[in-house]
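One structure below.
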Amino acid sequence: MLVSNRLDIHNQGDRVWLENAEKLLSKINPNLVLGIYECPMPYKRLLSKEILNWCKETGRFRFIKDTCCDPDMLTERLNILRNSNVKLFNANGQTLLHSLREGAAGYSGIMANFHPDLLSWLFDNFEKEPEKAETLSDFLSMAAFTESPAYPCTAKYYLGRFEGFDMDIASRSSHPQNLTSYQKLIMEQMYRQSNKLREFIKKDSF
Numbered sequence: 470m471l472v473s474n475r476l477d478i479h480n481q482g483d484r485v486w487l488e489n490a491e492k493l494l495s496k497i498n499p500n501l502v503l504g505i506y507e508c509p510m511p512y513k514r515l516l517s518k519e520i521l522n523w524c525k526e527t528g529r530f531r532f533i534k535d536t537c538c539d540p541d542m543l544t545e546r547l548n549i550l551r552n553s554n555v556k557l558f559n560a561n562g563q564t565l566l567h568s569l570r571e572g573a574a575g576y577s578g579i580m581a582n583f584h585p586d587l588l589s590w591l592f593d594n595f596e597k598e599p600e601k602a603e604t605l606s607d608f609l610s611m612a613a614f615t616e617s618p619a620y621p622c623t624a625k626y627y628l629g630r631f632e633g634f635d636m637d638i639a640s641r642s643s644h645p646q647n648l649t650s651y652q653k654l655i656m657e658q659m660y661r662q663s664n665k666l667r668e669f670i671k672k673d674s675f
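Residue numbering for the sequence shown follows the numbering used here, beginning at 470 and increasing consecutively.
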C-alpha cells in the first residue's frame with residue numbers, strides 16, 4: 470500500500486509525483502499487487518485525473534482508498550476507473566451510498582471499527598432495498614462525524630465497552646486522557662442507534 474502524500478512530500482505537483490512513483494515501481498517486484506491510500510496526514514494529497522489514468526495504465530494497481538469526500542469528484546473518478554482493474558473504496562461515510570451507486574467497490578474507513586455489519590448490509594442491499602438503504606445511509610452519515618474525537622481511543626473504547634473485546638484504549642496517536650466522558654456518551658448513543666437500525670433493516674417493510 471502506497472501513501473499518496475509520500476510520493477510528493479512537498480506537494481510540488483503531478484510531475485514530481487509521477488517521477489517518484491515510476492522510480493519506486495521500478496524497484497518493486499512487478500508481480501506485487503499495489504494500492505494507494507490518500508492518507509490525510511501530514512497533508513491530503515488527492516490523486517489527479519492524470520495520476521488515476523496512469524495508475525490504470527500501469528496495470529500494477531488494484532486498490533484506491535479514496536478520501537476526497539466530494540460526490541462530484543467521486544463520480545468523475547469512478548468514470549475514469551470504470552472497466553479497469555483498479556477498484557475504488559470510499560473512506561467517507563457521508564458520500565458512501567452515492568459512491569456505491571456510481572460503481573465504487575466498497576468502503577474502507579474508520580467507521581468499520583464500529584458497525585461493520587451495517588456497512589456490509591448497505592453494500593449488499595443498496596440496490597435491492599433503496600428506501601431502507603437511504604435511511605441507513607442517513608444514520609451512517611451522521612455517525613461518521615464521530616471520526617474526529619480521540620480516534621482510535623474511541624474505537625477501542627467502543628469495542629471493549631459494547632462488543633466484548635478485551636482491549637485497552639491506549640494508542641500511539643491519541644492519549645487515553647483525550648477520551649472524555651462527553652465522547653464516551655456519544656459512543657453510547659451511537660451504539661443504541663446502531664441497534665435500532667439493525668432491527669429496522671430486518672423488518673419486511675417500514
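Cβ atoms here follow ideal geometry from the backbone N, Cα and C, with glycine treated the same way. Model, not experiment: these values are computed from the prediction.
Bridge partners of residue i, per DSSP?
i: Leu557; result: Ile533
i: Ile505; result: Leu471 and Ile533
i: Tyr576; result: Asn559
Out of the options, state which residue places its alpha-carbon closest to the alpha-carbon of residue i.
i: Asn561; options: Asn474, Asn548 and Met542; result: Met542
i: Ser517; options: Leu588, Leu471 and Arg484; result: Arg484
i: Arg529; options: Leu591, Pro540, Phe634 and Asn500; result: Asn500
i: Glu598; options: Pro645, Lys671, Arg641 and Ala624; result: Lys671
i: Thr564; options: Ile478, Ser663, Ala602 and Ser553; result: Ala602
i: Pro469; options: Arg667, Glu600, Ala639 and Lys653; result: With the chain covering 470 to 675 only, the question about residue 469 has no answer from this structure.
i: Thr527; options: Leu566, Lys492, Thr544 and His567; result: Lys492
i: Asn489; options: Asn498, Gly482, Ile497 and Leu476; result: Leu476
i: Glu596; options: Ser610, Phe614, Glu571 and Asp586; result: Glu571
i: Arg514; options: Gly482, Ser610, Asp586 and Pro540; result: Gly482
i: Arg610; options: His567, Ser495 and Asp673; result: Here residue 610 turns out to be Ser, not Arg, going by the sequence shown. The shortest Cα separation from Ser610 among His567, Ser495 and Asp673 belongs to His567.
i: Met510; options: Asn559, Ile478 and His644; result: Ile478
Is residue i buried or exposed, if buried means 16 or more other CB atoms sit within 10 Å of its CB?
i: Ser606; result: buried
i: Met656; result: buried
i: Lys625; result: buried
i: Ser577; result: buried
i: Ile520; result: buried
i: Ile638; result: buried
i: Asn498; result: exposed
Apart from the five residues just before and just after residue i, which ones in its own chain have a Cβ nearer than 7 Å to its Cβ?
i: Leu557; result: Ile533, Asp535, Arg546, Leu547, Leu550, Ala573 and Ala574
i: Asn522; result: Ile549
i: Tyr512; result: Asn474 and Asn480
i: Phe631; result: Tyr660
i: Phe634; result: Leu628
i: Thr544; result: Glu571
Between residue i and residue j, which are expected to be in contact by the criterion C-beta below 8 Å, what is the C-beta distance as a whole number of angstroms?
i: Cys508; j: Val472; result: 5 Å
i: Leu588; j: Met580; result: 7 Å
i: Leu666; j: Phe608; result: 5 Å
i: Ser650; j: Pro621; result: Contact doesn't hold; Cβ gap of about 18 Å is too wide.
So, for residue i: in the same chain, excluding its five sequence neighbours on each side, which residues have a beta-carbon less than 6 Å away from its beta-carbon?
i: Val502; result: Arg531
i: Glu616; result: Ile579
i: Tyr506; result: Met470, Val472 and Lys534
i: Ser553; result: Lys525
Counting only the same chain and skipping the five closest in sequence on each side, list residues whose C-beta sits under 8 Å from that of residue i.
i: Ser640; result: Pro621, Cys622 and Lys625
i: Met636; result: Lys625, Leu628 and Gly629
i: Glu668; result: none
i: Ala612; result: Gly562, Met580, Phe583, His584, Met659, Gln662 and Ser663
i: Ala504; result: First, the amino acid is wrong: residue 504 is Gly here, not Ala. Answer for Gly504: Met470, Leu471, Phe530, Arg531, Phe532, Ile533 and Lys534, listed in chain order.
i: Cys538; result: Asn561, Gln563 and Thr564
i: Leu487; result: Glu519, Ile520 and Trp523
The ligand NAD and residue i: does the residue's C-beta get closer than 7 Å to at least one heavy atom of that ligand?
i: Thr564; result: This structure does not include the ligand NAD; it has no bound ligands of any sort.
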